[in-house]
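Here's the structure we're looking at; comments come further down.
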Amino acid sequence: MKKILLILLMQFLLICGCEKNQNETEKISTDTTQTKQTDSIPEKIKLIIPTFLGNETRNYYGENPPSQLKMLWKTFIGGGHTNMKSASGTIHYGAGWTGQPLLIEDNGELFLFQGSYDHNVRKINAATGDVIWKFDCGDAVKGTGTLWHNPKAQNEEDKLILIQGSRQGVNVSLRSKDIYSLKGISGISGEELYRVNVENTPSVSRDVDGSALIVNDTAYIGLENGMFIVFNPNPDESYKINNHYEPAEIFKTKLYTKEELSKHGGQIVTEASPCIIGRMIYVASGSGSVVGFDMDKKEITWRFHIGSDLNGSCVATGDGCLLVPVEKQLIPGNGGMLKLDPRKSPEDAVVWYFPTGNLNLNSWQGGVIGSPAVNDKYKTGNQKNLCAFSAMDGYVYVVDYKATEEEVFARGFDGKTLYPKPKLIFKYKIGSSISTPLLFENKLIAAGYGGIYLFEFNENYEFKLLDNLTRTFEAIPIVHNKKVFIAAKDGYLYCLGEE
242 MKKILLILLM QFLLICGCEK NQNETEKIST DTTQTKQTDS IPEKIKLIIP TFLGNETRNY
302 YGENPPSQLK MLWKTFIGGG HTNMKSASGT IHYGAGWTGQ PLLIEDNGEL FLFQGSYDHN
362 VRKINAATGD VIWKFDCGDA VKGTGTLWHN PKAQNEEDKL ILIQGSRQGV NVSLRSKDIY
422 SLKGISGISG EELYRVNVEN TPSVSRDVDG SALIVNDTAY IGLENGMFIV FNPNPDESYK
482 INNHYEPAEI FKTKLYTKEE LSKHGGQIVT EASPCIIGRM IYVASGSGSV VGFDMDKKEI
542 TWRFHIGSDL NGSCVATGDG CLLVPVEKQL IPGNGGMLKL DPRKSPEDAV VWYFPTGNLN
602 LNSWQGGVIG SPAVNDKYKT GNQKNLCAFS AMDGYVYVVD YKATEEEVFA RGFDGKTLYP
662 KPKLIFKYKI GSSISTPLLF ENKLIAAGYG GIYLFEFNEN YEFKLLDNLT RTFEAIPIVH
722 NKKVFIAAKD GYLYCLGEE
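This is the structure in structure tokens:
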């Protein structure tokens, strides 16, 4: 009799449990904006644009750009308070720099991952703009995340991981013991998997704006506290501390030197994302140097000192060099765009320099804040090797990064050294910009404070403006199948292009 009663009890509990699970599933499916949604892992995930500027060399922006910028949909991504001051106080809307969306394909459907000043990162249906889930990071999300498909995942939730940085936290003291401004989030459910404590250093910031570089099963990222850290992004290898998990740290090192700390004070902030050439990882540091990290030796073995507050990310070129955006701040010469050959010693590494004009705006004094774009992934035949960049002086520039002007030299960032100057192909006044333009086989897309501009060029490199939309942009767009996705400062994420 006891055995029969036990079986009946178990059946009753099983039925109740099934009804409860069914009710919970129905509740989730009717509220697509829930932060803690659970959905099933699709059979196949395709990472299309999984990190800042598309890949580990930072030179991929999507495929098939449109010929017009018709508004197809827009989704409100809100605004919020942050400790960062502006003309409107501490409330900011939409997305700032770098703010680039990420793109994946799930079982034939396209999804975006977009951060916002309202403290959330969202998973969004790219066809409709509908929000699938959102995750609260605790402060403004300015930088671009990185998506990683985890081949060693032991459960569905861990198969797709978003590594996302944010500002340090509203009303959180800079010198607090723990500031968790870098998080690992399930790209499936929107649940937190782990968090990273951005340790206290002499830096004036403990934010995370950079995008992680993932090589095989290891993550590399520079933090705004001036540190470069290497960690295991697999949540199954993380460890529990109090009520949360932290990833296994492999290595960390300072990106700044004692001399740079003495000169810059706490302005040793690293906002750039690392890129890779061979077994070397390069990252621009706010302390004024481009540093090269040897993956095998696990140490910095190359350092090129500029002295500026370097914000933009280095981009690797097809000829094994680096393109480095140079801000005007803290240097006697003009800011601009610099090409370095890291195979050479730092004293001989400069290939050319292209200075841009000075213009005071907000806290900037001129030069190039955003990263450059190259056509390496898109050029065909005998096309020139193009590099495009937007500057604070109001222009978008296009140069041939493999060709220099004969007998023409430019004064360098130090205000005295003369360097070769690349051949200018095109420039156009779009207004001041800290965004990164996008280059394709015959299209150029550039955004800034004056709007977003779409150009087409022919085999003679004659550029024609096809369309533009007036909004205020700091973020960087991506392209997919005749559509442009970009977040603006008005609080919206826009889908522009051809129907």
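Residue numbers for the sequence shown, in my numbering: 242 to 740. Glycine included, each C-beta is placed from N, C-alpha and C at the ideal position.
Any idea what DSSP makes of residue 551, helix, strand or coil? coil
By Cβ distance, which residues of its chain are closer than 8 Å to residue 731, with the 5 residues on each side in sequence left out? Result list for residue 731: 334, 335, 712 and 713, in chain order.
Assign residue 503 to one of three DSSP states: helix, strand, or coil. helix
Just how far apart, CA to CA, sit residue 282 and residue 344? Confidence is the limiting factor: at residue 282 the pLDDT is only 43, short of 50, which leaves the residue's position unreliable, though a coordinate-based value still follows. Taking the straight line from one Cα to the other gives about 16 Å.
Taking 8 Å as the threshold, find out whether the region 304–321 comes into contact with the region 633–647 through three or more Cβ pairs. no
Note down, in chain order, each residue of its chain lying with its Cβ closer than 6 Å to the Cβ of residue 679, except the 5 sequence neighbours on either side. 302, 614 and 686
So residue 736 and residue 723 are in contact, right, with Cβ under 8 Å, and what is the actual spacing, rounded? That pair is no contact at about 11 Å.
Beta-carbon gap between residue 568 and residue 552 smaller than 9 Å: yes
Alpha carbon to alpha carbon, how far is residue 508 from residue 599? 21 Å
Backbone CA spacing between residue 312 and residue 372 [nearest angstrom]: Take the alpha-carbon of residue 312 and the one of residue 372: they are about 18 Å apart.
Quick check on the burial criterion: 16 or more other C-beta atoms within 10 angstroms. Buried or exposed for residue 450? buried
Among the candidates 407, 452, 390 and 546, whose CA atom is the shortest distance from the CA of residue 399? 390
Is residue 397 helix, strand or coil when you go by DSSP? helix
Please report the straight-line C-alpha distance between residue 415 and residue 448, rounded to a whole angstrom. 10 Å
Consult DSSP for residue 477 and reduce its assignment to one of helix, strand or coil. helix
Limits of the beta strand (DSSP E) - the one that residue 305 falls within: Residue 305 -> no beta strand (DSSP E), and no H or E assigned at all.
Express the C-alpha separation of residue 554 and residue 668 in angstroms, rounding to a whole number. 21 Å
If you check the beta carbons only, do residue 392 and residue 461 fall under 9 Å apart? Cβ distance not < 9 Å, so residue 392 and residue 461 don't count as in contact.
Under a three-way DSSP split, which group does residue 279 fall into? With a pLDDT of only 35 at residue 279, under 50, the local geometry of the prediction cannot be trusted, and the value read off the model is given with reservation. Of the three classes helix, strand and coil, the one that applies to residue 279 here is coil, per DSSP.
Does the beta-carbon of residue 513 have 16 or more other beta-carbons within 10 angstroms, so that it is buried, or is it exposed? buried
Quickly, what does DSSP pair residue 580 with across the bridge? List them, please. 564 and 593
Apart from the five residues just before and just after residue 607, which ones in its own chain have a Cβ nearer than 8 Å to its Cβ? Closer than 8 Å at the Cβ level, and outside the excluded window around residue 607, lie 568, 569, 575, 576, 597, 598, 599, 600, 601, 632, 633 and 634.
I need the straight-line Cα distance from residue 707 to residue 629, nearest angstrom please. 18 Å
Could you pull out every residue in the same chain whose Cβ sits closer than 7 Å to the Cβ of residue 545, ignoring the five residues on either side in sequence? 530, 531, 581, 587 and 590
What do you reckon, are the CB atoms on residue 359 and residue 394 nearer than 9 Å? no
Please confirm whether residue 659 and residue 639 have their CB atoms less than 9 Å apart. no
Unbroken beta strand (DSSP E) run spanning residue 708, endpoints: 704–710
Are the region 433–443 and the region 347–365 touching by the rule of at least three beta carbon pairs closer than 8 Å? no
Span separating the alpha-carbon of residue 651 from that of residue 595: Rounded to the nearest angstrom, the two C-alpha atoms are 7 Å apart.
Under 9 Å between C-beta atoms of residue 728 and residue 340: The Cβ atoms of residue 728 and residue 340 lie closer than 9 Å to each other.
Any heavy atom of the ligand COA closer than 8 Å to the CB of residue 740? In terms of ligand content, the structure shown is empty, and the ligand COA therefore cannot be addressed.
If we ignore side chains and look at the alpha-carbon of each, how far apart do residue 378 and residue 422 end up? Answer to the nearest angstrom: the Cα atoms are 8 Å apart.
Write down every uninterrupted run of the alpha helix (DSSP H) in the region 389–467 whose length is 4 residues or greater and which is fully enclosed by it, in chain order. none
Report the three-state DSSP secondary structure of residue 661 (helix, strand or coil). The three-state reading of DSSP puts residue 661 in strand, counting E and B together.
Please report how far the alpha carbon of residue 480 lies from the alpha carbon of residue 471, in whole angstroms. Rounded to the nearest angstrom, the gap between the Cα atoms of residue 480 and residue 471 is 16 Å.
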